[in-house]
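Below is one structure, written out as structure tokens, with a few remarks after it.
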Amino acid sequence: MSQGLSVGQHEPLKIKIQSRTAKVGVIGMGYVGLPLALLFSEQTFPVTGFDIDKKKVDVLESGGSYIYRIAPTEIQAARSHGFTATSDYAKIAGMDAVIICVPTPLSEYHEPDLSYITDTAQSIAPHLRAGQLIILESTTYPGTTEEVLVPILERGNQHGLRAARPGMQGEDLFYVVFSPEREDPGNDTVARRDIPKVIGGLDPRASELGSQLYGSIFNRTVPVSTPAAAEMTKLLENIYRCVNIALVNELKLLCLRMGIDIWEVIEAAKSKPFGFQAFYPGPGLGGHCIPIDPFYLSWKAKQFDFHTRFIELAGEVNTNMPYMSVEAVAAALNREKKALNGAQVLVLGLSYKRDIDDLRESPSLTIIELLQKRGAIVSYNDPYFPQVGHGRKYDLNMACAPLDKLDEYDCVVIVTDHSDYDYPRIVRESKLVVDTRNATKGIDSPKIVRC
Ligand SMILES: NC(=O)c1ccc[n+]([C@@H]2O[C@H](COP(=O)([O-])OP(=O)(O)OC[C@H]3O[C@@H](n4cnc5c(N)ncnc54)[C@H](O)[C@@H]3O)[C@@H](O)[C@H]2O)c1
């Protein structure tokens, strides 16, 4: 037992975690929650997945999967260890630990939309039990766990239960932790187990329980002093990426003007064994994290009369990149004495990065819309998306075009560099290729315009 902790109500849960009998509920069966549920299930914990999306629950209950990189056999293996999925929040009462993995998008005014977290907290609260461990994993601004989640849980439960804070004793306590998800979708070089898990408990007992629970599926846990420190840690990591990507995007634009190959420069800079980490330019930011999370912090900073200038500047540079890609297509067509208006353009890749089936905030969607607005007749190809309908910010209603008649397009634009694509063939068979990702590296052809 850790120094300074008295024997208390968290002891029974510690024993259950040690013996892998603690019932783990994961709320939000999406890109984060489902793999996490499977990790606990692999370690033979009894796991229940909660989701308000009945279709997802039905797929999981029938042993299927809706995430490309998770095979149905993995769901079936989990089910044989007792994994079930449900939309019934009453089952929260039977859980020992509850991990919340719901979305944290931005509103249309670029402000944090915490409605998924508040809805979830309101749904959990009536079923809360003393001794339970509640963990928030959704990325959010510092203060969310303590200022938003905890008050809803405390107000909404019928038994007057309180979140354990330092020095509090009693039979009416539950435990609260923030622990950010750090997954890098599509990155197979680091096993999920090897990604250290940061843990910020509202109370040392909560941190201890969190470390113990996550310690059973991750090789290392990194405790920090408060939930806010853990929330800020996640934002620092993502802001670091966002700012560095913006830097390299801006330098790419300068290099294009100066006739220097930015990719060659990055490769050379990478040879420095210290003090440099490579980031790569592209057609714009995508995904649920990097384009969104930094603005959670700039919003919160305003409460402290603080202006996060790096975040704003990086956002400005990165937001401009899809527009620059469309300009590059127009210039390439112009070189061929063609106008963008009326041109047949094929966009390769819809997902926001290589080899994944996630198109949230994808720059491809923006590029397609911008091309259409300029009069281009746009098709797309992406092996991960046979169709694309409409989402929060797009309404495309298109079907994936085959790759067999590339010479029918005036221009093929590589937006996502999936590794399944045969780039030499694409260049050979197309009339003109605009490459936003350096996917055609090593191919020498006057048809290629790198931007
Ligand atoms: N996807 C990533 O790579 C990644 C990486 C790190 C952090 N995160 C963070 O993790 C969180 C979840 O992201 P995600 O990518 O898994 O999102 P997602 O959209 O893939 O999944 C969220 C799931 O939550 C469900 N849901 C929404 N409201 C609910 C409610 N009230 N009750 C139960 N279920 C509900 C949705 O139906 C959906 O299935 C976000 O805060 C995100 O920023 C994501």
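In case it helps, my numbering puts the sequence shown at residues 167 to 617.
Glycine included, each C-beta is placed from N, C-alpha and C at the ideal position.
Between residue i and residue j, what straight-line distance do the alpha-carbon atoms span, to the nearest angstrom?
i, j, result
"I411", "S253", "39 Å"
"T399", "S382", "22 Å"
"I614", "N404", "33 Å"
"P447", "P457", "14 Å"
"E430", "I241", "43 Å"
"P568", "D561", "21 Å"
"V190", "P370", "20 Å"
"G608", "V593", "12 Å"
"N415", "D601", "14 Å"
"S246", "F384", "22 Å"
"F470", "L272", "20 Å"
"D224", "D285", "22 Å"
"G215", "E337", "28 Å"
"C408", "G452", "11 Å"
"R331", "V192", "24 Å"
"S185", "D459", "36 Å"
"N547", "L512", "7 Å"
"S611", "G199", "45 Å"
"A434", "L422", "17 Å"
"E478", "G450", "15 Å"
"I533", "P278", "25 Å"
"R358", "I266", "18 Å"
"L514", "V599", "10 Å"
"A291", "G367", "19 Å"
"A166", "Y575", "As shown, the chain starts at 167 and ends at 617. That puts residue 166 outside it, with no answer to give."
"D588", "I580", "12 Å"
Go ahead and label residue i buried or exposed: buried means 16 or more other beta carbons lie within 10 angstroms of its beta carbon, across all protein chains shown.
i, result
"R526", "buried"
"S585", "exposed"
"M424", "exposed"
"Q298", "buried"
"K418", "buried"
"L420", "exposed"
"P308", "buried"
"N507", "exposed"
"H325", "exposed"
"Q169", "Low confidence applies here, because Q169 scores a pLDDT of 40, under 50, leaving its location unreliable; read the following figure in that light. Exposed, because fewer than 16 other Cβ atoms sit within 10 Å of the Cβ of Q169."
"M167", "Low per-residue confidence applies at M167: pLDDT is 38, beneath 50, and the placement is therefore not dependable, though the value from the model is reported in the following sentence. M167 is exposed by the Cβ-count criterion."
"A237", "exposed"
"S437", "exposed"
"F163", "Residue coverage of the chain in this structure runs from 167 to 617, which leaves residue 163 outside it and unanswerable."
"H556", "exposed"
"D217", "buried"
"R616", "buried"
"E119", "The displayed coordinates of the chain run from 167 to 617. Any statement about residue 119 would go beyond what the structure contains."
"I426", "exposed"
Would you list the residues sitting across from residue i in a DSSP beta bridge?
i, result
"D601", "I580 and R616"
"G367", "V343"
"G191", "T214 and V264"
"D561", "H556"
"Y546", "V513"
"V388", "V364"
"P529", "Beta-bridge pairing links P529 to no other residue."
Check each candidate in the options and name the one with the smallest Cα separation from residue i.
i, options, result
"T474", "Q510, P346, L402 and I522", "L402"
"D693", "P212, N604 and A251", "One cannot answer for residue 693 here, as it falls past the ends of the chain, which runs 167 to 617."
"D354", "D601, R520 and G555", "R520"
"K503", "L531, Y446, C577 and Q324", "C577"
"C566", "F440, V544 and K559", "V544"
"F211", "A394, P178, P278 and D262", "D262"
"T582", "E535, D524, Y575 and K571", "D524"
"M195", "K182, A188, G230 and E493", "G230"
"E349", "A203, A394, R558 and Y197", "Y197"
"H176", "I233, R295 and L514", "R295"
"A396", "F344, Y406, R359 and G352", "F344"
"S517", "A509, Q510, S530 and A505", "S530"
"K363", "P269, F340, V390 and K468", "V390"
"M487", "L536, G441 and K468", "L536"
Ligand 1 heavy atoms versus the CB of residue i: any closer than 6 Å?
i, result
"M195", "yes"
"P457", "no"
"I477", "no"
"H293", "no"
"K556", "The amino acid at residue 556 is misidentified as Lys; the sequence shows His. No, ligand 1 has no heavy atom inside 6 Å of this Cβ."
"P269", "yes"
"D254", "no"
"S596", "no"
"Y282", "yes"
"F249", "no"
"F216", "yes"
"E403", "no"
"V593", "no"
When every heavy atom of ligand 3 is checked, does at least one fall within less than 6 Å of the C-beta of residue i?
i, result
"V343", "The ligand content of the structure shown is limited to ligand 1, which means ligand 3 is not among them."
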